[in-house]
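Inspection log for the structure reproduced underneath, given as structure tokens.
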Amino acid sequence: MEKFDFYRTDLLVESEEMVRHQTESEKDKLEESKGIIFNESTHGRVKLTEVVVDELGEKRIGKKKGNYITLTVPSLTPNDSEEITQLSQLLIDKLDGIVKNKEAIANGKILFIGLGNREVTPDAVGPLAMDRLREIVAEYYTEDGGEVFVYAPGVTIQTGLETADFIKAVVSEVEPDLLIVIDALAARDSSRLCRTIQLTDTGIHPGSGVGNSRKEVSEETLGLPVIAIGIPTVVDGPVLIADAIDTMFSYIASKIEEEKSPSSSLSVTPWLRSENKEVDRSVLKPIFGDWAEWPHEERVQLFEEVLTNHELRTFVSPKEVDAWVALYAENLSTSLSHWVRSIKK
């Protein structure tokens, strides 16, 4: 099957270069390679991935030079408010670490932009965060003007104007020292949906993850530091189909292995498969042929090719996406408000 880069994702950790380095030995190679500084650590239940890309790394992996920080809690649920609070706090700690020229920001202006369409729930985290963040504007407003600004420009289909052009006009009027953008992202791994936050100082291409890329919003295009905070809320439909098939194959293979086990005849309770157990998929070849042992990426590519121009080519969000979006909007706005106060104290 011919190779195509069909994957649609806004997350650096899901880029082709990063996905190829998932094993420990390959991670070691990535850590030692020139142009990329790669580090992983765990903080409670939060998995932290930090990647620094320089000019050489930019040429290698096709990602802009800068800092990319990804925070993930694989077992997170919408009811886990304590863990989301910890996730938000760690995000602010890392934000504080990549912001440059804090003295100028402390005495200058900060502009917050919430990208997305508030009428489409998976895309509403940016505008909803701005609704809550507006409360801090009055604290830093005097007769001489304001120091904190909040704006949600909507999307091109609502206004007829490019989002980046809107932002450029606001930046020209406000003349901020720092721009922080919040947006919903697309993922290539369904397990990351609403359980991951990406932080980067490289800016953002609105809509790029869903194949609807608009003009870039970055330091190069605006002439000031741009920090982007994103939460993946949608995944490409073919990826979800491939994930479901992988889960089904693992279940059937585990079932076959279990039935061959002598202990299975002694069981008096319903059989439940362990999600963490490695299974031998070669037992599926008599049933499904070689396809059962295809790598996950090749299976995704097949569905992408088949569904490229089909109505089944959709993006999917979790059923609790409304709760997730409200939760992130609330926690991000609260955490960013605390951060502004700490910077301007």
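In terms of the UniProt record's numbering, the sequence shown opens at residue 1 and continues consecutively. Glycine is no exception: its CB is placed at the ideal position from the N, C-alpha and C atoms. All values reported here derive from a predicted model rather than from experimental measurement.
Secondary structure of residue i, DSSP reduced to three states
i, result
"His-21", "Reliability fails at His-21, whose pLDDT of 46 lies under 50, so the model's placement of it is uncertain and the value that follows must be treated cautiously. Correct three-state label for His-21: coil."
"Pro-153", "coil"
"Lys-286", "Lys is not the amino acid found at residue 286; the sequence shown has Pro there. Pro-286: helix per DSSP, three-state reduction."
"Val-279", "coil"
"Thr-233", "strand"
"Val-268", "Model confidence at Val-268 stands at a pLDDT of 45, short of 50, so the residue's coordinates are unreliable; what they give is reported in the following sentence. Residue state, collapsed to three classes: coil."
"Trp-294", "coil"
Identified DSSP bridge partners for residue i
i, result
"Val-226", "Leu-179"
"Ser-200", "The sequence given here places Thr at residue 200; Ser does not occur at that position. In the DSSP output, where bridge partners are listed per residue, Thr-200 has Tyr-68, Ala-228."
"Phe-249", "Partner(s): none; Phe-249 has no beta bridge."
"Phe-303", "None, per the DSSP bridge assignment."
"Val-340", "None; Val-340 has no bridge partner."
"Val-148", "Ile-110"
"Val-217", "Ile-204"
"Val-325", "None; Val-325 has no bridge partner."
"Val-316", "Val-235"
Presumed contact (8 Å Cβ cut-off) between residue i and residue j, rounded CB distance
i, j, result
"Phe-249", "Leu-302", "About 14 Å separates the two Cβ atoms, so there is no contact after all."
"Arg-195", "Val-46", "Rounded, the Cβ-Cβ distance is 10 Å, inconsistent with contact."
"Leu-111", "Val-171", "7 Å"
"Leu-71", "Ile-229", "With a Cβ gap of about 10 Å, Leu-71 and Ile-229 do not count as contacting."
"Pro-127", "Ala-152", "4 Å"
"Met-130", "Val-99", "Contact flag wrong, Cβ pair sits at about 19 Å."
"Val-234", "Phe-315", "4 Å"
Neighbourhood of residue i by C-beta, 6 Å cutoff - its chain only, sequence neighbours within 5 removed
i, result
"Val-125", "Ala-184, Ile-231, Val-325, Tyr-328, Ala-329"
"Val-239", "Arg-188, Val-300"
"Val-155", "Asn-117"
"Ile-37", "Val-52"
"Ser-41", "Leu-48"
"Glu-219", "Pro-225, Val-226"
"residue 346", "Nothing can be reported for residue 346, as the shown portion of the chain is limited to 1 through 345."
"Glu-55", "Lys-65"
"Asp-177", "Ala-104, Ile-105, Gly-108, Lys-109"
Contacting residues, own chain, Cβ-Cβ under 7 Å from residue i (five flanking each side not counted)
i, result
"Ile-343", "Lys-102, Ile-105, Ala-106"
"Val-148", "Ile-110, Ile-136, Val-137, Tyr-140, Val-340"
"Glu-216", "Ala-164, Gly-203, His-205"
"Pro-318", "Leu-193, Cys-194, Trp-324"
"Val-279", "Ser-250, Ala-253, Ser-254, Glu-257"
"Asp-123", "Gly-116, Asn-117, Ala-184"
"Val-174", "Lys-109, Leu-111, Phe-149"
Cβ-based neighbour list, residue i, same chain, cut-off 8 Å, excluding 5 preceding and 5 following
i, result
"Arg-281", "Phe-249, Ser-250, Ala-253, Ala-292, Glu-293"
"Thr-334", "Ser-88, Arg-132"
"Asp-246", "His-296, Arg-299"
Residue i beta carbon near the ligand GTP (any heavy atom closer than 6 Å)
i, result
"Ala-244", "The model on display carries no ligand, and the ligand GTP is accordingly not part of it."
### Query
Hey, which unbroken runs of the beta strand (DSSP E) at 3 residues or more fall wholly within the segment 29-85?
Qualifying beta strand (DSSP E) stretches, in chain order: 36-43, 46-53, 66-72.
### beta strand (DSSP E) runs contained entirely in the segment 81-145, provided each spans 3 or more residues
You should have 110-114.
### Task
Kindly provide the ranges of any alpha helix (DSSP H) runs that are 4 or more residues long and lie completely inside the segment 160-197, ordered along the chain.
Unbroken alpha helix (DSSP H) runs of no fewer than 4 residues, entirely contained in the segment 160-197, are found at 163-174, following chain order.
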